[in-house]
Amino acid sequence: MNEQEQLKLQAYLDGELTGRDRREVTAWLDAREDARAMLTNLQHVRAALRGNEPEHRLDCTREFYWQNIARGIESAFQEPGAGVMELVLRWLRHHLRQLATAGIGMALVIFAFTFVAGDVQADSEWEVLHPDTGMVNYRDYQNGLTVVMVYDRSTPGFAKGD
Amino acid sequence: MRLGFLHRTTFVAAFCLGVAFSTNSAFAGDDKKLEVLLIWGTNQEKSSDPAHKKVDSATSRDFKKVYKWENYFVINRKNAGVEARKKTEFKMSDQCRLEVKHLGDDRFEVWLWGKDAEAVKEEAVCKGKQSLPKGERLILMGLNENESGWFVLIRHKE
Amino acid sequence: MASQPDRPTLTDEQLVKLAKRGDTLAYEELVARHRDKVYARAFSMMRNEEDAFDLSQEAWIKGWQRLKQFQGDSSFATWMTRIVINLCLDLMRKQKRQRSESIENLAEESGGVERQMPVDDPNPTEGLERAELRKRIDQAMTQLSEAHRTVLILHEFEELEYKAIAKRMKCSLGTVMSRLFYARRRMAALMAGWKREQEEE
Chain A
17 MNEQEQLKLQ
27 AYLDGELTGR
37 DRREVTAWLD
47 AREDARAMLT
57 NLQHVRAALR
67 GNEPEHRLDC
77 TREFYWQNIA
87 RGIESAFQEP
97 GAGVMELVLR
107 WLRHHLRQLA
117 TAGIGMALVI
127 FAFTFVAGDV
137 QADSEWEVLH
147 PDTGMVNYRD
157 YQNGLTVVMV
167 YDRSTPGFAK
177 GD
Chain B
33 MRLGFLHRTT
43 FVAAFCLGVA
53 FSTNSAFAGD
63 DKKLEVLLIW
73 GTNQEKSSDP
83 AHKKVDSATS
93 RDFKKVYKWE
103 NYFVINRKNA
113 GVEARKKTEF
123 KMSDQCRLEV
133 KHLGDDRFEV
143 WLWGKDAEAV
153 KEEAVCKGKQ
163 SLPKGERLIL
173 MGLNENESGW
183 FVLIRHKE
Chain C
-14 MASQPDRPTL
-4 TDEQLVKLAK
6 RGDTLAYEEL
16 VARHRDKVYA
26 RAFSMMRNEE
36 DAFDLSQEAW
46 IKGWQRLKQF
56 QGDSSFATWM
66 TRIVINLCLD
76 LMRKQKRQRS
86 ESIENLAEES
96 GGVERQMPVD
106 DPNPTEGLER
116 AELRKRIDQA
126 MTQLSEAHRT
136 VLILHEFEEL
146 EYKAIAKRMK
156 CSLGTVMSRL
166 FYARRRMAAL
176 MAGWKREQEE
186 E
C-alpha cells in the first residue's frame, strides 16, 4: 500500500471518511489481502490503547497537593507583593511633609538612619532550618493573613489531638 | 521668638531625629502583645481531650476557605508581650515551641522548634522575619501523619 | 443555620455548582477525585514527573478561574484533562523553541521504517494480561517522539477528531493523519517485538 492508501485506510477506521472515499476503501477491503491485514492491525492497536490508558498516580497527600492549588487560587485574587522600591516610595510619600520642613540635608540623615535600622524590608522572609523540611508560603492581603506551610520529610506531630 | 541660624539648625536636627526615632520604634522599647494558638485541624467531630475547644467561628470560616478539614480545635493558647530585641518563648506543647523577637515597628522574628521523628531531640524547623501589623495573623502549618493538620496561629492583638 | 453539604457524597455536577459559587471545599473535593487522571494525562504527554506535577496543579488553578465557562457539555474530568493538555502543549512549544529536533525525530517525521514494513503480526497485543498490556503501552509511549505521542494521546485517550487535533497542535490535517499512522505502526512494532521475546522465553 502506498502512503495515501495507508492514510485513507486509517481514516476509514477512525470514521473520518464519507461518500466516495469510504466506498473506495470498502472496495479495497473486499479485494486486497494487504488492506485487510493493515486494517486488522490498526484496529487491534486502537482497541488496545483505548481501553488501557497507562495509570500514573500522584505520590503526595491530598492536603499537600491542594495546598499549592489553594495558594494559586488565592494569589490570583491578590495584589502582588510590594517590592523594596515600592516600600521606599511609600516611606518617602509618608514622610514628605517632614522632609520639606526639615530640609533636604536632614532628610537624607533620616532616610539613611531609617534604612540602616531596617525599616525598609520585605514583608515576609522565611527559611527552613531543617534539612528534611520543605516550605511553601503565601500572603492573603485582603484578610491580612500570611501562611507558612512546612511539609513532610519529618513532619513534627505537634498537634495530634488523638 | 526669634532664633539665630545656629539655634534654627539645632532645632531642625532635633526635630528630625525625633521624627526618625518615632518612625522606628525598634528603639522605643515598647512591648507588643501577641496571642499564639496551637490548633488541630481534623474531620473528627470531637477531640479526645474535652479541654480542646473549637476555634471561634470567624477563624474557622477563614480556615475552611483554604483547608479541607471540617473542625479546628484549640490545643493551647498563650498571650505574652514581646520585647524589642529580646526573644520571648511560647511553649505550645511538648513538641512545639516558638521563639519570637520584636524587630521594631510591627516586624517580628519567629523561630519554630519541633521534636525529631522519635520525639526526643528538639530541632529548629524554620525561622522568618514577618511584618505583622495589629490585627494581622501569621499561620505556620503542617500535616500530621494521620492526615490531620497542625497550625500555629500568631495574632498581633489590637 | 443552613447545614453544611456533605461534599464527598455529592456528584461532580453538584460540586461544580457549589464551586461556581465560590465554595473552595467543593472544588477541593473535585481535585481529590480527579487529580490522578489530570496528572496521568500530563505525565503521558510530558514523560516527566516534575513537569506533570506542576502542570497538573496549574491546570486546577486555571480550572477554578474558568469554572464559570464550564457548561457541562462534557464531563468535568474531561474538561479538566483538556485544560492540562493545552498547558502541556504550550510548554512543549516553549521547550521546542529552545532545542533543535533530534535526528531520530526527523526520521520519524518523514515516516521511519515502520510505515514500509508489512504487517507480520495482525494482533501484537494478543494474550497479554491487562496490567501487562498497560505497562507495555506506557513503555512504548516513552519511545515515541513528543509529536507522535501527543497525537496518539489526543486521538486514542481524548478521542478527539483529526480536525480538533490539528487545531490544538497547530498543524495541518495531513500532518495529524501521518503522525497518527506512524505512531500506531510504531506501537504495533514495539509490542510485537516484546511479544516475540516473551514467546521465545
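Protein chains in written order, with this note's numbering: chain A, 17 to 178; chain B, 33 to 190; chain C, -14 to 186.
The beta-carbon is built from N, C-alpha and C at its ideal position, and this holds for glycine as well.
Segment contact flag, the segment 78 to 88 of chain B with the segment 105 to 115 of chain B, C-beta cutoff 8 Å, min 3 pairs | yes
C73/C - partner residues in DSSP beta bridges | Residue mapping note: residue 73/C aligns to position 88 of the third sequence, counting from 1. According to DSSP, C73/C bridges with nothing at all.
May I have the straight-line CA-CA distance separating K123/B from R129/B, to the nearest angstrom?
-> Locating residue 123/B in the second sequence gives position 91, where the first residue counts as 1. Locating residue 129/B in the second sequence gives position 97, where the first residue counts as 1. Between K123/B and R129/B, the C-alpha separation is close to 4 Å.
Relative to the alpha-carbon of I186/B, which residue among D81/B, V132/B and E115/B has its alpha-carbon at the smallest distance?
-> The residue you call residue 186/B lines up with position 154 of the second sequence. Measuring from the Cα of I186/B, the nearest candidate turns out to be V132/B.
Determine the direct distance from the alpha carbon of M30/C to that of F142/C, and round the result to whole angstroms.
-> Here residue 142/C refers to the residue found at position 157 when the third sequence is read from its first residue. Here residue 30/C refers to the residue found at position 45 when the third sequence is read from its first residue. Roughly 11 Å separates the two Cα atoms.
Would you call the segment 169 to 180 of chain B and the segment 5 to 17 of chain C touching, i.e. three or more CB-CB distances under 8 Å?
-> no
Relative to the C-alpha of E154/B, which residue among L164/B, Q162/B, W143/B and G160/B is closest?
-> The residue you call residue 154/B lines up with position 122 of the second sequence. Comparing Cα positions, the closest option is W143/B.
Buried versus exposed call for K148/C [16 or more other C-beta atoms within 10 Å across all chains shown] | The count along the third sequence starts at 1 and reaches residue 148/C at position 163. It is exposed - the Cβ of K148/C has fewer than 16 other Cβ atoms within 10 Å.
With a Cβ-Cβ cutoff of 8 Å, do K65/B and K161/B count as a contact?
-> The count along the second sequence starts at 1 and reaches residue 65/B at position 33. The count along the second sequence starts at 1 and reaches residue 161/B at position 129. Going by C-beta atoms, K65/B is not nearer than 8 Å to K161/B.
Which value, in whole angstroms, describes the spacing of the CA atoms of N159/A and L170/B?
-> In the first sequence, the residue the question calls residue 159/A occupies position 143. In the second sequence, the residue the question calls residue 170/B occupies position 138. So the two alpha carbons sit approximately 11 Å from each other.
How about F140/B and V114/B: do their beta carbons lie closer than 8 Å?
-> Here residue 140/B refers to the residue found at position 108 when the second sequence is read from its first residue. Here residue 114/B refers to the residue found at position 82 when the second sequence is read from its first residue. Yes.
Given M154/C as reference, the closest of W64/C, L139/C and E117/C once Cα atoms are compared | Working through the third sequence from its first residue, we reach residue 154/C at position 169. When only C-alpha atoms are compared, the closest one is L139/C.
Would you identify the three-state DSSP class for N33/C, choosing helix, strand or coil?
-> In the third sequence, counting from the first residue as 1, residue 33/C sits at position 48. In the structure shown, N33/C sits in coil (DSSP, three-state: anything other than H, G, I, E or B).
Less than 8 Å between the CB atoms is what I'm expecting for G31/A and I46/C, so what's the real figure, rounded?
-> As a first step, residue 31/A must be located in the first sequence, where it is residue number 15. As a first step, residue 46/C must be located in the third sequence, where it is residue number 61. About 36 Å; that fails the 8 Å criterion.
Can you tell me the Cβ-Cβ gap for L45/A and R52/A, rounded? I've got them flagged as a contact below 8 Å.
-> In the first sequence, residue 45/A corresponds to position 29, counting from 1. In the first sequence, residue 52/A corresponds to position 36, counting from 1. Right, their Cβ atoms sit about 6 Å apart.
Identify whether H188/B lies in helix, strand or coil by the three-state DSSP scheme.
-> Here residue 188/B is taken as the residue at index 156 of the second sequence, counted from 1. Residue state, collapsed to three classes: strand.
Use the C-beta contact count for V152/B: other C-beta atoms within 10 angstroms, 16 or more gives buried, fewer gives exposed.
-> If you number the second sequence from 1, residue 152/B lands on position 120. Exposed: under 16 other Cβ atoms inside 10 Å.
Does the beta-carbon of D137/B have 16 or more other beta-carbons within 10 angstroms, so that it is buried, or is it exposed?
-> Here the question's residue 137/B lines up with position 105 in the second sequence. So D137/B ends up on the buried side.
According to the Cβ coordinates, are L137/C and A168/C closer than 8 Å?
-> Here the question's residue 137/C lines up with position 152 in the third sequence. Here the question's residue 168/C lines up with position 183 in the third sequence. In contact: L137/C and A168/C (Cβ atoms closer than 8 Å).
May I have the straight-line CA-CA distance separating S163/C from W101/B, to the nearest angstrom?
-> On the third sequence, residue 163/C is found 178 positions in, with the first residue counted as 1. On the second sequence, residue 101/B is found 69 positions in, with the first residue counted as 1. Between S163/C and W101/B, the C-alpha separation is close to 51 Å.
Would you mind telling me which residues of chain B sit closer than 7 Å to L250/C, beta carbon to beta carbon, in chain order?
-> Only positions -14 to 186 of chain C appear in the structure, and residue 250/C is not among them; the question remains open.
Between I150/C and V161/C, what straight-line distance do the alpha-carbon atoms span, to the nearest angstrom?
-> Counting from 1 along the third sequence, the entry for residue 150/C is found at position 165. Counting from 1 along the third sequence, the entry for residue 161/C is found at position 176. Approximately 7 Å between the Cα atoms of the pair.
Coarse secondary structure for L33/A, derived from DSSP in three states | As a working note, residue 33/A is residue 17 in the first sequence. L33/A falls in the coil class under three-state DSSP.
Give every residue of the same chain whose Cβ lies closer than 8 Å to the Cβ of P(-7)/C, excluding the five residues on either side of it in the sequence, and list them in chain order.
-> Within the third sequence, the letter at position 8 stands for residue -7/C. Once the five neighbours on either side are set aside, the close Cβ partners of P(-7)/C are E14.
Would you give the residue range spanned by the beta strand (DSSP E) that T(-6)/C belongs to?
-> Within the third sequence, the letter at position 9 stands for residue -6/C. T(-6)/C -> no beta strand (DSSP E), and no H or E assigned at all.
With a cut-off of 8 Å on the beta carbons, I'd call A37/C and F28/C a contact; round off their distance for me.
-> Here the question's residue 37/C lines up with position 52 in the third sequence. Here the question's residue 28/C lines up with position 43 in the third sequence. Rounded, the Cβ-Cβ distance is 4 Å, consistent with contact.
Which value, in whole angstroms, describes the spacing of the CA atoms of T162/A and W182/B?
-> Against the first sequence, residue 162/A aligns to sequence position 146. Against the second sequence, residue 182/B aligns to sequence position 150. Roughly 15 Å between the two C-alpha positions.
Mind pulling the chain A residues with CB within less than 9 Å of N71/C?
-> The residue you call residue 71/C lines up with position 86 of the third sequence. Those within 9 Å of N71/C in chain A number zero; the least Cβ separation is about 17 Å.
Should G160/B be listed as close to the ligand NAP, given that the test is whether its C-beta is under 7 Å from any heavy atom?
-> The ligand NAP is absent from the structure shown, which contains no ligand whatsoever.
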